[in-house]
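Student: Per the numbering used here, residue 1 is the first one in the sequence shown, and the count goes up by one each step. A virtual CB, placed ideally from N, CA and C, is assigned to each residue, including glycine. First, the structure itself, so that you have it in front of you.
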Amino acid sequence: MMYQSTRDHRLAASSTRAVLDGIAPDGGLYILDDLSSLEFDWRSVLEEDTMEMSARILAALLPDFPEMSALVRRGYEGKFETDELTPLVGVGDRYVLELFRGPTSAFKDVALSLLPRLITAARDAEGMTDEIVILTATSGDTGKAALEGFHDVAGTRIIVFYPHGGVSAVQQAQMTTQQGNNVCVCAVRGNFDDAQTGVKNIFAACADRDLNGAQLSSANSINIGRLAPQIVYYFKAYADLLHSGRIKLGQPVHYVVPTGNFGDILAGYFAKLLGLPVGKLVCASNANNVLTDFIETGVYDKRRPFHKTTSPSMDILVSSNLERLLYLLSGCDNEYVANLMAQLRDNGCYQVSDALLQRLRADFACGCCDDAEAAEVIAQVWKESCYLMDPHTAVAWAVSQRFMESRSDDAPVVVLSTASPYKFPAAVLSALGETPDEDEFAVMDRLHEVTGVAVPKNLASLREMEVRHTDVIDREEMLEYVLRKVGEKQW
Numbered sequence: 001m002m003y004q005s006t007r008d009h010r011l012a013a014s015s016t017r018a019v020l021d022g023i024a025p026d027g028g029l030y031i032l033d034d035l036s037s038l039e040f041d042w043r044s045v046l047e048e049d050t051m052e053m054s055a056r057i058l059a060a061l062l063p064d065f066p067e068m069s070a071l072v073r074r075g076y077e078g079k080f081e082t083d084e085l086t087p088l089v090g091v092g093d094r095y096v097l098e099l100f101r102g103p104t105s106a107f108k109d110v111a112l113s114l115l116p117r118l119i120t121a122a123r124d125a126e127g128m129t130d131e132i133v134i135l136t137a138t139s140g141d142t143g144k145a146a147l148e149g150f151h152d153v154a155g156t157r158i159i160v161f162y163p164h165g166g167v168s169a170v171q172q173a174q175m176t177t178q179q180g181n182n183v184c185v186c187a188v189r190g191n192f193d194d195a196q197t198g199v200k201n202i203f204a205a206c207a208d209r210d211l212n213g214a215q216l217s218s219a220n221s222i223n224i225g226r227l228a229p230q231i232v233y234y235f236k237a238y239a240d241l242l243h244s245g246r247i248k249l250g251q252p253v254h255y256v257v258p259t260g261n262f263g264d265i266l267a268g269y270f271a272k273l274l275g276l277p278v279g280k281l282v283c284a285s286n287a288n289n290v291l292t293d294f295i296e297t298g299v300y301d302k303r304r305p306f307h308k309t310t311s312p313s314m315d316i317l318v319s320s321n322l323e324r325l326l327y328l329l330s331g332c333d334n335e336y337v338a339n340l341m342a343q344l345r346d347n348g349c350y351q352v353s354d355a356l357l358q359r360l361r362a363d364f365a366c367g368c369c370d371d372a373e374a375a376e377v378i379a380q381v382w383k384e385s386c387y388l389m390d391p392h393t394a395v396a397w398a399v400s401q402r403f404m405e406s407r408s409d410d411a412p413v414v415v416l417s418t419a420s421p422y423k424f425p426a427a428v429l430s431a432l433g434e435t436p437d438e439d440e441f442a443v444m445d446r447l448h449e450v451t452g453v454a455v456p457k458n459l460a461s462l463r464e465m466e467v468r469h470t471d472v473i474d475r476e477e478m479l480e481y482v483l484r485k486v487g488e489k490q491w
């Protein structure tokens, strides 16, 4: 079973090679043509505990990795608040899937606690001796989760780029205080799309370059090793609903997903292709609603104002993982996808065919929510259910409300919660009617006083940590920066 580039079928790779490379040589994303053809018993997986469920799903998707069960346990054990990893909580008339119970209080922990194990196992399986240098662009959460996963992992180094002034103060503190002898953090003047495009351009520029015994890879969800572990929590939520008696086996469940880069929701689509009875996948956007417009019209147009919002991890106008969905919905037409991506690069927009749009809307719904409505949701849900949510989850909650009013069935609705409210304490405290202090750590304390909700230990300890990473560069300097850092013997 070989992975192929979304843009050129001739560029194929084993699952270990695809994880190591992160991105195909032509800039395409690695993907399997037909997940439904895998020999995978989705029904029996629902009876497993979370660790074994993860191991079985990943073994099906990444068959070239030996001892997947051991990799999973080494990646997860002792790092999360619960062995369930992602608990499902009933809130009002729907469910919240809490994806933030890991070491950095964000959903990226589910994948990035495991990815370093996959990278090093792939390196051994491929017989490589090169050092793996991870390049990652982050809109806030991926960066810290990747740093936490890769710090001091033998044979690897990691460089994280984040938009200067484009993440919350807590997110920035998480990254800039990161310890480890193999980690580097750098701010980029611009937005997340600038940082993400810069990383992609670096991969292209270095494809045939001698990096003195180093190879580049990625921890973003463009890497199939980052995306695949996220499929598991869709199965886990379904299993929890099944075992609680809320549904019977085979009945559908709807999932509402706050997403900017389209990886989190694409994992749900992959779960559906593997057989899980997923109903609608509802794409929830903030004011940067390029995905909502695309699902409604079939036109993807990044030529629009960029909004800095209280949900910064979704402040994205170029959703990289959408390319994988376009590939699948086009019938694995790599030339069609390559043409769309060229149009996006050259013109800033593209339009899909009516037939593809119909296939898209058969599985996906959408909606958007601005900062004001998200704040109202935070206050309302706290008042009515004593449940505290962050702005990204509030965006999804608002969209789920409109979805529930328009749907024609009574299937359960699961809202994916992607971060602890304490990662965005100023926005959450303000939503509750308080005036935040300029010091976000003082805001954390006040939010705890007002709500009684515990501050995650990893966030509470940030105020005592030394800032170690202060680099700020222009986006045009990213390639030069990486080449210089790769050439340094010590960081």
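Give the single residue among Q401, F192 and F364 whose Cα lies nearest to the Cα of G260.
Tutor: That would be F192, whose Cα lies nearest to the Cα of G260.
Student: Please report the straight-line C-alpha distance between P25 and I31, rounded to a whole angstrom.
Tutor: Roughly 14 Å between the two C-alpha positions.
Student: Just mark C386 as buried or exposed, buried being the case when its beta carbon has 16 or more other beta carbons within 10 Å.
Tutor: That one is exposed.
Student: Short of 6 Å in beta carbon distance, which residues of its chain neighbour A375, apart from the five on each side in sequence? Order them along the chain.
Tutor: Result list for A375: A431, in chain order.
Student: Could you check the C-alpha separation between E449 and T393 for me, to the nearest Å?
Tutor: One C-alpha to the other measures close to 22 Å.
Student: In whole angstroms, what is the alpha-carbon distance linking V377 and D210?
Tutor: Their backbone Cα atoms lie some 52 Å apart in a straight line.
Student: Could you tell me the distance, in whole angstroms, from the CA atom of L58 to the CA atom of M68?
Tutor: Cα to Cα, the separation comes out at about 7 Å.
Student: According to DSSP, what are the bridge partners of S218?
Tutor: Answer is L135, bridged to S218.
Student: Helix, strand or coil for P412? Go by DSSP, reduced to three states.
Tutor: Three-state DSSP puts P412 in coil, outside helix and strand.
Student: Taking the alpha-carbon of L274 as reference, which of G22, A13 and S36 has the nearest alpha-carbon?
Tutor: The candidate whose alpha carbon is nearest that of L274 is S36.
Student: Straight-line CA distance for F179 to K236?
Tutor: Looking at the sequence shown, residue 179 is not Phe but Gln. Spanning the two alpha carbons is a distance of roughly 32 Å.
Student: Answer yes or no: do T16 and E126 have a C-beta to C-beta separation smaller than 8 Å?
Tutor: Yes, the Cβ-Cβ distance between T16 and E126 is below 8 Å.
Student: Excluding five sequence neighbours on each side, which residues of the same chain lie with their C-beta closer than 7 Å to the C-beta of Y350?
Tutor: Here the set comprises Y300, L340, Q343 and L344.
Student: Using 8 Å as the threshold, is the C-beta distance between N458 and T104 below it?
Tutor: Yes, Cβ-Cβ distance for N458 and T104 is below 8 Å.
Student: Residues in the same chain with beta-carbon distance under 6 Å from K272, minus the five sequence neighbours each way, listed in chain order, please.
Tutor: Taken in chain order, the residues that qualify are V278.
Student: Going by alpha carbons, who is nearest to G78 out of V45, S113 and V167?
Tutor: With distances taken between Cα atoms, G78 lies closest to S113.
Student: Which class does D474 belong to by DSSP, given the choice of helix, strand or coil?
Tutor: Here D474 sits in strand by DSSP.
Student: Quick one: residues in its chain with C-beta nearer than 7 Å to the C-beta of G487, no 5 flanking neighbours on either side, listed in chain order?
Tutor: So the list reads N212, once near-sequence residues are dropped.
Student: Identify whether A365 lies in helix, strand or coil by the three-state DSSP scheme.
Tutor: Three-state result, A365: strand.
Student: Identify whether F161 lies in helix, strand or coil by the three-state DSSP scheme.
Tutor: In this structure, F161 counts as strand in the three-state DSSP scheme.
Student: For M314, would you say it is in contact with chain B, using Cβ-to-Cβ distances shorter than 8 Å as the test?
Tutor: Looking for chain B here will not work: only one protein chain is present.
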